[in-house]
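Taking it in order: structure first as structure tokens, then the write-up.
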Amino acid sequence: MTSDLTRLTASEMSDLLSRKEISSVELTQAHLDRTAAVDGTVHSYLHVDTAGALAAAKAVDEKRAAGADLHLMAGVPIAVKDVMATKGLPTTCGSKMLEGWIPPYDATLVTKLRAAGMPILGKTNMDEFAMGSSTEHSAWGPSHNPWDLTRIPGGSGGGSSSVVASFQAPLAIGTDTGGSIRQPAAVTGTVGTKPTYGGVSRYGLVALASSLDQAGPCARTVLDTALLHAVMGGHDPRDSTSIDAPVPPVVEAARTADVSGLTIGVVKQLGGAGYQAGVRARFDESVQLLVDRGAKVVEVDCPNFDYALAAYYLILPSEASSNLAKFDAMRYGLRVRPEGVDDPSAEQVMAASRDAGFGDEVKRRIILGTYALSSGYYDAYYGQAQKVRRLIADDFSRAFEVADVLVSPTAPTTAFPIGEKLDEPMAMYLNDVATIPANLAGVPGMSLPSGLADEDGLPTGIQILAPATMDERLYAVGSALERALVEQWGGPLLDRAPDLTAHPSAHPTADPKEA
Amino acid sequence: MSSHAAEPVLSYEEALEQFDPVMGLEVHVELGTRTKMFCGCSTQFGAPPNTHVCPVCLGLPGALPVVNEIGVQSAIRIGLALDCKIAPWSRFARKNYFYPDMPKNFQTSQYDEPIAVDGHLDVELEDGTYYRVEIERAHMEEDTGKSLHVGGATGRIHGADHSLVDYNRAGIPLIEIVTKPMPGAGARAPEVARAYVSALRDILKSLGVSDVKMEEGSMRADVNLSLRPKVAADATGEAQLAVPLGTRSETKNVNSFRSVERAVRYEITRHAAVLAEGGRVLQETRHWHEDTGVTTSGREKSDADDYRYFPEPDLVPVAPTPEMVEALRATLPEPPAARRKRLQSAWGYADLEMRDVVNAGLLEVIEETVSAGASSTAARKWWLGEIARRASADAMDVTAYAAERGVTPAHIAELDGLVASGRLNDSMARQVLDGVLDGEGTPTAVADARGLELVQDDGALEAAVDAVIAANAGVADKIREGKVAAAGALIGQVMKELKGQADAAKARELILAKLGAS
Ligand SMILES: [Zn+2]
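These protein sequences, in sequence, are chains P and U.
If you count by our numbering, then the first sequence holds residues 1 to 515, one letter each, in order.
If you count by our numbering, then the second sequence holds residues 516 to 1033, one letter each, in order.
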């Protein structure tokens, strides 16, 4: 039985646990065993907390045995992206800069996971400080796509997408600044949601771009995603930008899965030139399935989305250049003494440490942001980008006057080979062209599998976008579509993924950047 | 001691003959909130290093700020007390620069959207005239940590072996109050600067938003000064005001009223010497040296000082409603200057008397003494005379002395009542005061315990008077002849006879009547 436990959905695990048919220790151990078997090849984790996870599982089992009133998700294990502060567990953000840093506090959402009794299996890999779309910018080497180990699992949250796609965890925490939950979900055949900005506390999320960052759930089904969303969401007085309202009824929406009478808006600007044929084909079929289930389809025009990428790459680096200033070797993390300097000043140590500790992509964006905020350039760059941001929000408002949700392909292509775009930052950035507008406007978005592309047999994703605070619509539409697709496929898409245990020693080459 | 080459200066008089000074003052005030500006850590002064810290004020990865509501309210009240407009929508901004005592390497401050703008403060000068200081803005920000440089001779970073940083101060709420350039002060610029900082402190104190202790650094002033050519005798005339401002220096962290005055004066003479030689004043930061009374060059301001300000994305805008602003306005105390005027007129003090009271810090004490029933004259006489004299003998501040000895306004009012009712005369009252100061109890209790009471028995007084007249026939004759002044000698003897407990006025009356001289 144990070997099969990892194939269950989180919802099924929750049912078995509450009926005491399985224990959390048993369930947690099954996932740890799976990790031992496959993570040598997938490399989802930067840190596995075997002892901590089993201790948490044991505590839940004991409470359950004692008849305590437990959270619905109690005992279901979870993986957490390494960008979330976890008390007593290493938190590196995929950077050498934070090697060895163990936070003295838990992020609010981690506190919620612990309070719900969800054992934390470990910390997942990511592009350094969440800058990237492939995990190739992780200082600790890339994660690999369980569908094809030579390909990227998306990024920055490729650790979280691959960890659920490879059945090492039923659930994972991701963060999404421009698509880092949704694009990895799309290329690994999994589900991920970026909630409304402010819907999940950012306290303890190591900031990339404060006005864009949003933590969210990663899972294999829409319902599981909703179950995790409900655990992690809600108001947090420690985060001033957190929304002071109850979590939207996401679980109910996922269970009801009703799209009859809804109007689906297909965004004209997302899905034309530059989108792979297989991605486009699966998207069109998905839209048709929604129509079959009673939805109406309209095309919506969002002309300012064409400027989203440009605005994003001014706002993000600007905020990042300031957010990452704290990594200065003075209080924690890496400290490097400059070479050839006898009596270095604090400033010289800061410079040497930042030079040694940050990777190229991080430096690229810090330089870009520092420039964009400089006096004399501020109005032309940061100021203009903020105006574009408002125009994009206006586009959304107009679109949501005629449509209840918007849809597009999540990413223009399926997973690309590791190394292919590493030296072409612009090509890499274009991966997020469809996901970025939601972050700029603060609206919620979800990606779920739409099938496999005919040309390469790799997963494709469809993105659903809803008005701010109406996250439940993502789940209603996503769940309805998922049911239609699974029915069509005759089972979950991931059932068609390769058996990773078949090639146990096939550890792919390390990150070319790391060598 | 600070060591530095003396820079040439012109005499103050020469400087003012040739140049017109224009100042600007930036005053930082630490708010007296219980917790820091963006986290729940204590603001208590003097705790062991790095004990009042948390992930937020240490700038740990992932931590987020939350605005202290009391801090915002204090900022609004300060703005209102300075007649500023309160912005209906204001934002925090990040001021980015690297420094080891700044945990995030940016300071959360306000930039182009401050909470309060466009106010003014009328400050009274020595001669009773007023100078209006225009306030440009008052904004909220957080303090930095504090570096301690160890192992060097000077306590400065140069030559130090290593540095320690205490983050207890990091995140303490500050309000920065910035004046507009202050033209037209002419030779009185140093006096105006001092009067402004002093008036500002009075206001902040009356608001109860800060302990405003300059010596502890909870209020510190930066003095900006520039000179421009003097083109007219009248510093406030149109011709003079039209002359463009010169290059300014910025003297940092001047920590007493007297130093503010001296620093302005020094900078006027230093700038004048540079300009008189045809030189160029550098736009730079200067350090003030209390011991030698001079400033020295800090660092030159340059284009590299680009703080890359942008709106703080981790905080939401501060948008006080008109109702909130009005509710805060209703909490404003009477402005200190107006209050002084009102009290002076109610008490009937001369200007000089009032100034002495204010300078001794006795305004509140006298107000309380009067409201406890004492006459204003008696209140001033006891506090400024008797108690201040005893305090200065102990080298103490009068209010501190009173607090230590446990003497209160109510005691003084009671003492005055005992004199007014005729139970005590002045010399007995002074003895009673000594008893109170020695902790023997209330004035009445002391008088009772020491048996101090004027003799009210007319028979006893008359007997004493008769005895004294009989014993001093010569003096009595002189009085009979009209030398009334001689009565003093007899009164003294009567007092002696009655062990000081006689009513001297009554004794005099009686003596004169008996000798037919009244
Ligand atoms: Zn703190």
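Just so you know, even glycine gets a beta-carbon here, dropped at the ideal spot from N, CA and C.
- In the DSSP annotation of this structure, E641 (chain U) is not part of any alpha helix (DSSP H), being labelled neither H nor E.
- Close to R364 (chain P), with beta-carbon spacing below 7 Å, lies no residue of chain U; the smallest spacing is near 17 Å.
- Residues of the segment 213 to 245 of chain P whose Cβ lies closer than 8 Å to any Cβ of chain U, in chain order: P237, R238, D239, S240, T241.
- Excluding residues up to 5 positions away in sequence, R945, L948 lie with their Cβ nearer than 8 Å to the Cβ of E901 (chain U) in the same chain.
- Within the same chain, A788 come within 6 Å of P523 (chain U) by CB-CB distance, once the 5 residues on both sides are set aside.
- Remark: C-beta atoms of P848 (chain U) and L722 (chain U) approach each other more closely than 8 Å.
- In this chain, the alpha helix (DSSP H) harbouring W862 (chain U) covers 851 to 862.
- Rounded to the nearest angstrom, the Cβ distance from D239 (chain P) to S201 (chain P) is 5 Å, consistent with a contact under 8 Å.
- For the alpha helix (DSSP H) assignment, the uninterrupted runs of no fewer than 4 residues enclosed by the segment 857 to 906 of chain U are, from N- to C-terminal side, 866 to 874, 878 to 886, 891 to 895.
- Leaving aside the five residues that flank S24 (chain P) on each side, the residues in its chain whose CB is nearer than 7 Å to its CB run, in chain order, L17, A57, V60, D61, G75, P119.
- Taking V83 (chain P) as reference, the option from P:G67, P:D69, P:H47 with the minimal CA-CA separation is P:H47.
- Relative to the non-hydrogen atoms of ligand 1, the Cβ of G686 (chain U) comes within a distance shorter than 7 Å of at least one.
- Taking 8 Å as the CB threshold, L689 (chain U) stays off the interface with chain P.
- By DSSP's assignment, K767 (chain U) forms a beta bridge with U:H802.
- For N611 (chain U), the enclosing beta strand (DSSP E) starts and ends at 608 to 611.
- Counting along the chain, the unbroken alpha helix (DSSP H) around D39 (chain P) starts and ends at 24 to 42.
- Secondary structure of M943 (chain U) (DSSP, three-state): helix.
- For the C-beta of K619 (chain U), the chain P residues within less than 9 Å are, from N- to C-terminus, S322, N323, A325, K326.
- Just so you know, the alpha carbons of E706 (chain U) and G660 (chain U) end up roughly 33 Å apart.
- In the three-state reduction of the DSSP assignment, S322 (chain P) falls in the helix class.
- Cβ atoms of T370 (chain P) and R823 (chain U) come within 8 Å of each other, at about 7 Å.
- The Cβ atoms of V738 (chain U) and A708 (chain U) lie closer than 8 Å to each other.
- Closer than 7 Å to some heavy atom of ligand 1: that describes the Cβ of K551 (chain U).
- Identification of chain U residues near L316 (chain P) by a Cβ-Cβ cut-off of 9 Å yields none; the smallest Cβ-Cβ distance measures about 11 Å.
- Taking each of P:R390, P:F416, P:G94 in turn and checking the Cα distance to L208 (chain P), the smallest one comes out for P:G94.
- When Cβ-Cβ separations below 8 Å define contact, R549 (chain U) makes no contact with chain P.
- Residue side-chain check: V680 (chain U) keeps its Cβ at 7 Å or more from all non-hydrogen atoms of ligand 1.
- Close partners of N611 (chain U) in chain P (Cβ separation under 9 Å): S321, S322, A325, T370, L373.
- According to DSSP, residue pairing for M350 (chain P) in a beta bridge does not occur.
- An exposed status is given to S812 (chain U), since fewer than 16 other beta-carbon atoms sit within 10 Å of its beta-carbon.
- Nearest neighbour of D69 (chain P) by Cα position, chosen from P:G204, P:W147, P:A115, turns out to be P:A115.
- Boundaries of the alpha helix (DSSP H) around I366 (chain P): 360 to 373.
- A contact between stretches requires three or more CB pairs, one per stretch, nearer than 8 Å, and the segment 462 to 477 of chain P meets this requirement with the segment 433 to 444 of chain P.
- Fully contained in the segment 206 to 262 of chain P are the following alpha helix (DSSP H) runs of length 4 or more, in chain order: 222 to 232, 250 to 256.
- With 16 or more neighbouring CB atoms inside 10 Å of its own CB, D535 (chain U) falls in the buried class.
- Of all residues in the segment 812 to 836 of chain U, those with a C-beta nearer than 7 Å to a C-beta of chain P are D821, R823, F825, P828, D829, L830, V831, reading in chain order.
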